[in-house]
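Enquirer:
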Amino acid sequence: MSEATSRSPRQVPRSILLVEDEPSLVVTLTDRLESEGYQVDAVSTGEDALQATEERSFDLLILD
Numbered sequence: 001m002s003e004a005t006s007r008s009p010r011q012v013p014r015s016i017l018l019v020e021d022e023p024s025l026v027v028t029l030t031d032r033l034e035s036e037g038y039q040v041d042a043v044s045t046g047e048d049a050l051q052a053t054e055e056r057s058f059d060l061l062i063l064d
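Quick note, the sequence shown lines up with residues 1 to 64 if you use our numbering.
1. Mapping DSSP to helix, strand and coil, what is residue 41?
2. Can you give me the Cβ contacts of residue 53 inside the same chain, cut-off strictly under 8 Å, excluding the 5 residues immediately before and after it?
3. Report, in whole angstroms, the separation of the C-beta atoms of residue 20 and residue 64, which I expect to be a contact under 8 Å.
4. DSSP puts residue 17 in a beta bridge; with which residues?
5. Does the Cβ of residue 40 have 16 or more other Cβ atoms within 10 Å, making it buried, or fewer, making it exposed?
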């Protein structure tokens with residue numbers, strides 16, 4: 001087996017929390033990320049982001 005095929009695939013984040021207060025940007029980013037197979041939750045405030053991260057874990061946070 002070659003070295004390239006013996007390595008495990010890179011872990012790709014699949015669960016994203018998007019924190020953004022501009023609605024058009026939320027729609028644009030969410031649509032694009034979901035079209036690439038990501039599961040996106042979006043909130044508009046820091047307080048909502050803190051609550052969301054207390055309720056579940058995310059692989060990646062995108063903050064405004």
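Just so you know, even glycine gets a beta-carbon here, dropped at the ideal spot from N, CA and C.
Source: prediction; values computed, not measured.
Expert: On the basis of the coordinates in this document:
1. Position 41 of the sequence shown holds residue 41. If DSSP states are grouped into helix, strand and coil, residue 41 belongs with the strands.
2. Taking the first residue of the sequence shown as 1, we reach residue 53 at position 53. Answer for residue 53: 17, 61, listed in chain order.
3. The residue given as residue 20 occupies position 20 in the sequence shown. The residue given as residue 64 occupies position 64 in the sequence shown. Right, the Cβ-Cβ distance comes to about 5 Å (below 8 Å), so this counts as a contact.
4. Residue numbering aside, residue 17 sits at position 17 when the sequence shown is read from its first letter. Paired residue(s): 41, 61.
5. If you number the sequence shown from 1, residue 40 lands on position 40. Residue 40 should be labelled buried.
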